[in-house]
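Protein chains in written order, with this note's numbering: chain A, 1 to 215; chain B, 216 to 452. Glycine residues also receive a C-beta, built at the ideal position from the N, C-alpha and C atoms. Keep in mind that this is a model prediction, so the values were computed, not measured. Since the structure comes first, as structure tokens, the remarks are kept for the end.
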Amino acid sequence: MLTCAAGWRFAGLAPTVRTKANGASYMASSDTDATYVRRVQDGDRAAFRVLLDRYERMVFSITNRFSDTPADAEDLAQDIFMKAYRRLDRLRKPEQFASWLYGIALNHCRDYAKNVRRDTHAFSTTERVDWEVPAEHRAQDAALESDEMSQQLWQALDQLSPTYATPFLLKYRDGLTYKAMADRMDLSVSALKVRVHRARKKLRTLMEEARRDPS
Amino acid sequence: MTDDLDTRVRQYLDGELPPAQEPDVLRRIADDAEARALLRLERQTQAAWADGPDVPAEFADRTMAAIDAAETASEAEAAASQSVIERVWAWLVGPQTIRVRPGGVAAALVLLVGVAVTLWPAPRSATPGEPGAASRPSANASSATAVAQEEVVWARFLYANDEASSVAVAGDFSEWEPIPLSEKTVDGQTVWTGMVPVPKGEHQYMFVIDGSRWVTDPLAPVQRSDGFGNKNAVLQL
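Right under this line is the structure:
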């Protein structure tokens, strides 16, 4: 809209953020994500560090898939956390921080991939390449198979809602226990188990469909 | 797969099945294609994701430093421009009625663009198409007239959208190459904004959402068919 829509208040343009004067560390704390989200929303910038520490591995799991070099993956991850910080004021349900961040990360990487594809030769990771693997390269064959499995898994995971994809990723990729996830996300262990199991079943269906119809 | 077997499979995969029940459940899994597939997925997932992602040392420190730098710059910028902004905003949202005659639409648009150019806080960093520090209008520039006296007008484009990951503006003034707009938060609403040099005269433009969706400016007073089924917004300066 090429206009100034009524109802905006310029005073809200840049949120005033205070840092903790004493530089207190939150590293050892085990409060819920929502606790730290609210602290950041109340102006405690340093509280964001806890969220960053907790979810950097999850974000790198996503950025590594979309980038060719470790430097690109780090740039993407940093952009994602900065975007999340800027948008944190708008997170209405702080207890859903993990899945909210997952959504931001995935969308950011998809946009990045779109822009990269404009300038580079398009090569779909799902393209099937038929070749004979020499017998002496069985180890490589196994590695390729594992890579292919991983790619199929990621492609299926991308189709899940963040509500289900996030706990699945945290459990299997980050190796978190249900208890650790529950403490962070303010959910019961049983609720998380149900979400992870629904994710398993949906992933199985999606991967089976993808194998039947590779296009 | 029955609900009971589904529950048993979940308990088995989550390691909460009593050992005495395992043989029976494994037999039932062997007889059920869906349960077997779930067990296979579990093993493949564990094998494929055995190694978690590597996170560079001190990534969190670098990111916090970047956030600190960005916020400090943003606070300084907001403080510098706030007083002027508040005065003009009071005028913009005040109880005023603007009547626009068909012949006056172009003039009204020029004024609107000019006001935005003059009073919106300047972006922290120049992106393609953004003015550099030397040519950027000051937050205290006195009127839209000074801007309009130049051969090139710096037009401020604004687009409010909470869902988009990116917004750009593209027009004949950019040879239809999208120029990325910067993201701002205004009263909880995401606003995409950027200054673009536009030669005086009539121009057509569209917004590009998420790099692929081209949309017509819904509030442009004049829209014109592009001959391919879409409508371009028309900007007259």
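Local conformation of residue i per DSSP, three classes
i, result
"T222 of chain B", "helix"
"Q438 of chain B", "strand"
"K93 of chain A", "coil"
"L206 of chain A", "helix"
"L450 of chain B", "strand"
"F48 of chain A", "helix"
"V430 of chain B", "strand"
"V194 of chain A", "helix"
"Q419 of chain B", "strand"
"T32 of chain A", "coil"
"S99 of chain A", "helix"
"A265 of chain B", "coil"
"N64 of chain A", "helix"
"N115 of chain A", "helix"
"S161 of chain A", "coil"
"I186 of chain A", "According to the sequence displayed, residue 186 of chain A carries Asp and not Ile. Reduced to three states, the DSSP call for D186 of chain A is coil."
"R86 of chain A", "helix"
Those residues which DSSP pairs with residue i across a bridge
i, result
"P412 of chain B", "B:W369"
"Q395 of chain B", "First, the residue type needs correcting, since residue 395 of chain B is Pro and not Gln in the sequence shown. In DSSP, P395 of chain B forms a bridge with B:A383."
"Y374 of chain B", "B:W407"
"I424 of chain B", "B:V382, B:R428"
"V401 of chain B", "B:Q404"
Separation of residue j from residue i, as counted between CA atoms
i, j, result
"D68 of chain A", "W391 of chain B", "29 Å"
"I80 of chain A", "A105 of chain A", "6 Å"
"A252 of chain B", "P234 of chain B", "22 Å"
"D387 of chain B", "E417 of chain B", "10 Å"
"D111 of chain A", "R255 of chain B", "33 Å"
"R184 of chain A", "Y36 of chain A", "10 Å"
"K171 of chain A", "V59 of chain A", "14 Å"
"G444 of chain B", "A379 of chain B", "24 Å"
"V50 of chain A", "A182 of chain A", "16 Å"
"T205 of chain A", "Q152 of chain A", "12 Å"
"Q419 of chain B", "A385 of chain B", "9 Å"
"W429 of chain B", "M421 of chain B", "6 Å"
"N376 of chain B", "Q404 of chain B", "8 Å"
"A84 of chain A", "A262 of chain B", "31 Å"
"W423 of chain B", "S161 of chain A", "It should be noted that the sequence gives Val, not Trp, for residue 423 of chain B. Rounded to whole angstroms, V423 of chain B to S161 of chain A spans 25 Å at the Cα level."
"D174 of chain A", "Q259 of chain B", "16 Å"
"L88 of chain A", "T163 of chain A", "18 Å"
"A250 of chain B", "E208 of chain A", "14 Å"
"T32 of chain A", "D425 of chain B", "33 Å"
"P393 of chain B", "K399 of chain B", "18 Å"
Contact check, residue i vs residue j, beta carbons under 8 Å
i, j, result
"Y374 of chain B", "V382 of chain B", "yes"
"D218 of chain B", "K193 of chain A", "no"
"R114 of chain A", "S389 of chain B", "Note that residue 114 of chain A corresponds to Lys in the displayed sequence, not to Arg. No. Outside cutoff."
"R200 of chain A", "G267 of chain B", "no"
"V196 of chain A", "F168 of chain A", "yes"
Residue i at chain B interface by Cβ criterion, 8 Å
i, result
"P162 of chain A", "no"
"R173 of chain A", "yes"
"D89 of chain A", "yes"
"R38 of chain A", "no"
"Q159 of chain A", "no"
"L153 of chain A", "yes"
"F48 of chain A", "yes"
"A77 of chain A", "yes"
"M185 of chain A", "no"
"R86 of chain A", "yes"
"R204 of chain A", "yes"
"K93 of chain A", "no"
"M149 of chain A", "yes"
Test: residue i CB closer than 8 Å to a CB of chain A
i, result
"I282 of chain B", "yes"
"L220 of chain B", "no"
"R439 of chain B", "no"
"G344 of chain B", "For G344 of chain B, the predicted model reports a pLDDT of 37, less than 50, meaning its position is unreliable and no value from the coordinates is stated."
"G468 of chain B", "For chain B, the structure presents residues 216 to 452; residue 468 of chain B sits outside this window and is missing."
"E286 of chain B", "yes"
"G386 of chain B", "no"
"L253 of chain B", "yes"
"E389 of chain B", "The question names Glu, yet the displayed sequence has Ser at residue 389 of chain B. Taking Cβ atoms only, chain A never reaches closer than 8 Å to S389 of chain B, which makes this a no."
"V368 of chain B", "no"
"V270 of chain B", "yes"
"N447 of chain B", "no"
"T408 of chain B", "no"
"G444 of chain B", "no"
"K261 of chain B", "It is Gln, not Lys, that sits at residue 261 of chain B in the sequence shown. It does; some Cβ of chain A falls within 8 Å."
"D239 of chain B", "no"
"L452 of chain B", "no"
CB contact below 8 Å: residue i versus chain E
i, result
"A98 of chain A", "The chain inventory of the structure shown lacks chain E, comprising the protein chains A and B."
Closer than 7 Å: residue i CB and nearest the ligand NAD heavy atom
i, result
"K399 of chain B", "The ligand NAD is not among the ligands present in this structure, which contains no ligands whatsoever."
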